[in-house]
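*Asks:*
There are 2 protein chains.
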Amino acid sequence: MEDKKKLQRREFIKKVGAGSLVAGGLAAGTTPVRAARKRFNWKLTTTWPPNFPIFQDGVKRFAKDVKKMSGGKLNISVFASGELIPAMQTFDAVSQGSVQMGHGAGYYWIGKIPAAAFFTAVPFGMNAQGMNAWLYSGGGLALWREIYEPFNLVPFPMGNTGVQMGGWFRKKIESVADLKGLKMRIPGLGGKVMAKAGVNPVLLAGGEIYTALDRGTIDATEWVGPFHDERLGLYRAAKYYYYPGWHEPGPTLELTINREAWEELPKEFQLIIENAATASNLWMLSEFEARNLDSLHTLKNKYKVEVLEFPADVIKQLRQYTAEVLDEEAKKDATFKKVYDAYNAYRKTNDAWNAISEASYAKALRL
Amino acid sequence: MEDKKKLQRREFIKKVGAGSLVAGGLAAGTTPVRAARKRFNWKLTTTWPPNFPIFQDGVKRFAKDVKKMSGGKLNISVFASGELIPAMQTFDAVSQGSVQMGHGAGYYWIGKIPAAAFFTAVPFGMNAQGMNAWLYSGGGLALWREIYEPFNLVPFPMGNTGVQMGGWFRKKIESVADLKGLKMRIPGLGGKVMAKAGVNPVLLAGGEIYTALDRGTIDATEWVGPFHDERLGLYRAAKYYYYPGWHEPGPTLELTINREAWEELPKEFQLIIENAATASNLWMLSEFEARNLDSLHTLKNKYKVEVLEFPADVIKQLRQYTAEVLDEEAKKDATFKKVYDAYNAYRKTNDAWNAISEASYAKALRL
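Protein chains in written order, with the working numbering: chain L, 48 to 414; chain S, 48 to 414.
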């Protein structure tokens, strides 16, 4: 066992390159308290465009803090999507040890691990507060670690967008029938749910959305929330902006770390990463919450966007389709079923508490 | 300016005792990367009883993490209320430098700083998510720092209970008239609001509540939420358990640091504290959310507690009284008014975004 581990580590060192682990140059014993003598030069690749606000900026902030907290010894260089690794190869790159860290969202990897969707967001699933409670204090993170373990990855929650918007539509949606035949950019499980309503779900990278919507190649698209959607200029290509984001009600972003790289770290650096990732998780959510509201105001008042709530019948039907989609996925994949069951068990009691705490309080504010 | 600072630091060192700052014993230059050569032995006093779950446990977890992250160099000894400093002297003790750190809640100090209530919770104010967005990303924390500055304190958000419960009552509350003449343990602004409804608000420490309620010395009490209330055995002394906690809809707990002690720290240790406090902020909220629901189940099903929602008329009247109380306080104190105005300005846009995100989504789940 020990020998195998050493061998794996040696293999890993080869993979990440000789320059990435540098002895600190201190004789053993000169720092009796501090166990960490090595210096680490790590690479972190993300699934986000360079300078993507909050997402990429949040990752850079994390890396900067980790470097300072470690006294400059754990130096993480951050690369945007494509600068080193294409966005959709992040998972494999970290898994194989080409880089030590990745940042993205679990549901990008549902082709490999269908159950990974639960660690980001599922349609009509838990919001940010519910997800954090499940992950940190309800067994969710332990399950996530278990599911990613065969892929040689250690995951951490790091970032949350809060409730997203439902998307931009070129025509009004007044009934489920209005969805039929629409071409909509909507990935993952949300796309599968929409397909049941007769939508033709389309996959497009962020950079392609505006042109496709403007030219009418697609009729609708979801993206993030007011702050990011304003930057993408979507209000120039579609007039109706629907809420709520039933398909992504509080997506958790993920930090993934190559297991051997993680195990190489002294305990103090592991804790520095863990605390910085958790802090970053909350910081990013707070940024989304604080920035969305200004953009919402601009979209409504400056650009005269019609901000509309999905009709109740549409929501009820999509919720029904969601239950069908999740049940179908659970039949196809045992791991999906395992996580789905754990998620549902936690969620049931979470909803019961939420009903008399957040939901009752929200009602009290509007009475 | 420099000399004054040095003098203040020397003064501070005298105050906290000669043993609290110990040179690490390393010759300068042996750790070229790591600026921190000193070892710090700090004291943190809290307003919580020993072993108070989540609250005191969360603080101990924070101190343990900070110690490990700093390679053992920033060693924080945690003391419960009364072990070193009585709970209600925490603010002064940290302000004067008798200890370097404190943990409690801003609204404990409203006798000194009425505006401090806004940094914890005010009746019918923002919930945990709103508070975090305001503090971290909406200017709230900068304002908090400014308000605490004359007291020589640097505050950090560190913990949140989520929406609390409305309290335990020995008789049913069916109208505002039923509140009249009740003796209720409810501190701070919530007590002032209740007084307008004819309640006689009483101050009692946690350890005195159960006996007072059981003997009928008081007719009602608020405490925290299901998890803590179950432990206090309140279900044996009162039968009706009301929600929501309109008076404390997401109280933020605080870490305070003596300013000179803070300024003595190398930047890397400051960042370690900041990240650990933010991580702790989210962790404590997640723990509250996850534990409350099990206790709620036990209270309802095992102890046959009647869990009831405050009638709409009662809520509406209390909300009206709250507006009156806050306006009265703003007239009495310029700092209160300043923070109240900033809070309201942020809150207005926060509510607008919340209406189409969290509130609309919560509705979508219940349609």
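Virtual Cβ for every residue (Gly too), placed ideally from N, Cα, C. Here the structure is a predicted model, which means the values were calculated and not measured.
Assign residue 349 (chain L) to one of two classes, buried (16 or more other C-beta atoms within 10 Å of its C-beta) or exposed (fewer than that).
*Replies:* It counts as exposed.
*Asks:* Is it a yes or a no for the segment 124-135 of chain S touching the segment 159-174 of chain S, going by three-plus beta-carbon pairs under 8 Å?
*Replies:* No, the segment 124-135 of chain S is not in contact with the segment 159-174 of chain S.
*Asks:* Under 7 Å, CB to CB, which of the residues in the segment 202-216 of chain L have a partner in chain S?
*Replies:* Within the segment 202-216 of chain L, the qualifying residues are 209, 210.
*Asks:* Indicate the three-state DSSP secondary structure (helix, strand or coil) for residue 105 (chain S) in the structure shown.
*Replies:* Three-state result, residue 105 (chain S): helix.
*Asks:* If you compare alpha carbons, which of L:199, L:242, L:326 is closest to residue 142 (chain L)?
*Replies:* It is L:199 whose Cα lies nearest to the Cα of residue 142 (chain L).
*Asks:* Can you list, in chain order, the residues of its chain with a C-beta nearer than 6 Å to that of residue 295 (chain L)? Leave out the 5 residues immediately preceding and following it.
*Replies:* Here the set comprises 168, 211.
*Asks:* Just the C-alpha distance for residue 71 (chain L) and residue 122 (chain L), rounded to the nearest angstrom, thanks.
*Replies:* Any reading at residue 71 (chain L) needs caution, since the residue's pLDDT is 33, under 50, leaving its predicted position unreliable; the model's value is listed next. So the two alpha carbons sit approximately 12 Å from each other.
*Asks:* Can the beta-carbon of residue 355 (chain S) be found closer than 8 Å to that of residue 282 (chain S)?
*Replies:* Their beta carbons are not under 8 Å apart, which means residue 355 (chain S) does not touch residue 282 (chain S) by this criterion.
*Asks:* Which complete beta strand (DSSP E) runs does the segment 92-172 of chain L hold, if anything under 3 residues is left out?
*Replies:* The qualifying runs are 121-126, 148-151.
*Asks:* Which value, in whole angstroms, describes the spacing of the CA atoms of residue 365 (chain S) and residue 244 (chain S)?
*Replies:* In a straight line, the C-alpha of residue 365 (chain S) is about 8 Å away from that of residue 244 (chain S).
*Asks:* Please report the distance separating the alpha-carbon of residue 217 (chain L) from that of residue 263 (chain L).
*Replies:* Using only the alpha carbons, I get a separation of about 9 Å.
*Asks:* Kindly list the residues whose CB is nearer than 8 Å to the CB of residue 405 (chain S), restricted to its own chain and excluding five residues on each side of it in sequence; keep chain order.
*Replies:* Within the same chain, residue 405 (chain S) has close Cβ partners 176.
*Asks:* Are residue 192 (chain L) and residue 204 (chain L) touching if we call contact CB-CB under 8 Å?
*Replies:* It is not a contact, given that the beta carbons lie outside the stated cut-off.
*Asks:* For residue 139 (chain S) and residue 304 (chain S), I'd like the C-alpha separation in whole angstroms.
*Replies:* The straight-line gap from Cα to Cα measures roughly 11 Å.
*Asks:* Which whole-angstrom value is the C-beta distance of residue 154 (chain S) and residue 135 (chain S), which I expect to be below 8 Å?
*Replies:* Actually they do not touch by this definition, with Cβ atoms about 12 Å apart.
*Asks:* Using Cβ-Cβ distances below 7 Å, what residues of the segment 279-309 of chain L are close to chain S?
*Replies:* Here the close residues are 290, 291, 293, 296.
*Asks:* Near residue 274 (chain S), what residues of its chain come up, given a Cβ to Cβ distance below 8 Å and the 5 sequence neighbours on each side ignored?
*Replies:* Result list for residue 274 (chain S): 100, 101, 335, 338, 339, 341, 342, in chain order.
*Asks:* CB residue 253 (chain S) to CB residue 96 (chain S), shorter than 8 Å?
*Replies:* Yes, Cβ-Cβ distance for residue 253 (chain S) and residue 96 (chain S) is below 8 Å.
*Asks:* Cβ atoms of residue 120 (chain S) and residue 87 (chain S): under 8 Å apart, would you say?
*Replies:* Yes.
*Asks:* Express the C-alpha separation of residue 159 (chain L) and residue 332 (chain S) in angstroms, rounding to a whole number.
*Replies:* Approximately 33 Å, taken between the alpha carbons.
*Asks:* If you draw a straight line from the alpha carbon of residue 232 (chain S) to that of residue 106 (chain S), how long is it in whole angstroms?
*Replies:* The straight-line gap from Cα to Cα measures roughly 26 Å.
*Asks:* Just to confirm, are residue 31 (chain L) and residue 207 (chain L) a CB contact at a threshold of 8 Å?
*Replies:* In this structure chain L extends from 48 to 414, so residue 31 (chain L) is not present and cannot be described.
*Asks:* Given that a residue counts as buried once 16 or more other Cβ atoms are within 10 Å of its Cβ, and exposed if not, what is residue 81 (chain S)?
*Replies:* Model confidence at residue 81 (chain S) stands at a pLDDT of 47, short of 50, so the residue's coordinates are unreliable and nothing is read from them.
*Asks:* Classify residue 285 (chain L) as helix, strand or coil using the three-state DSSP reduction.
*Replies:* In this structure, residue 285 (chain L) counts as coil in the three-state DSSP scheme.
*Asks:* Considering only residues of the segment 212-262 of chain S, which uninterrupted beta strand (DSSP E) runs meet the minimum length of 3 residues and lie entirely inside it, listed in chain order?
*Replies:* Here the runs fully enclosed are 214-216, 230-232, 247-249.
*Asks:* Does the beta carbon of residue 116 (chain S) sit closer than 8 Å to a beta carbon anywhere in chain L?
*Replies:* Chain L contact via Cβ: present.
*Asks:* Span of the alpha helix (DSSP H) holding residue 375 (chain L)?
*Replies:* Segment 359-379, the alpha helix (DSSP H) holding residue 375 (chain L).
*Asks:* Put residue 197 (chain S) into one of helix, strand or coil per three-state DSSP.
*Replies:* Helix, per DSSP.
*Asks:* Would residue 322 (chain L) pass as a contact of residue 110 (chain S) if the rule is Cβ separation under 8 Å?
*Replies:* No, the pair does not count as a contact, with Cβ atoms beyond the cut-off.
*Asks:* Return helix, strand or coil for residue 264 (chain L), following the three-state DSSP convention.
*Replies:* Three-state result, residue 264 (chain L): coil.
*Asks:* Do we get a CB-CB distance below 8 Å when we pair residue 333 (chain L) with the residues of chain S?
*Replies:* For residue 333 (chain L), the answer is yes, since a Cβ of chain S falls inside 8 Å of its Cβ.
*Asks:* Expressed to the nearest angstrom, what Euclidean distance is found between the alpha-carbon atoms of residue 345 (chain L) and residue 318 (chain S)?
*Replies:* Spanning the two alpha carbons is a distance of roughly 35 Å.
*Asks:* Contact criterion: CB-CB distance below 8 Å. Does residue 359 (chain S) meet it with respect to chain L?
*Replies:* Output row for residue 359 (chain S): interface = yes.
*Asks:* Name, please, each residue of chain S whose Cβ falls closer than 9 Å to the Cβ of residue 314 (chain L).
*Replies:* Simply 115.
*Asks:* How close, in whole Å, do the beta carbons of residue 215 (chain S) and residue 162 (chain S) come, if the pair is a contact with beta carbons under 8 Å?
*Replies:* Incorrect: roughly 30 Å between the Cβ atoms, too far for contact.
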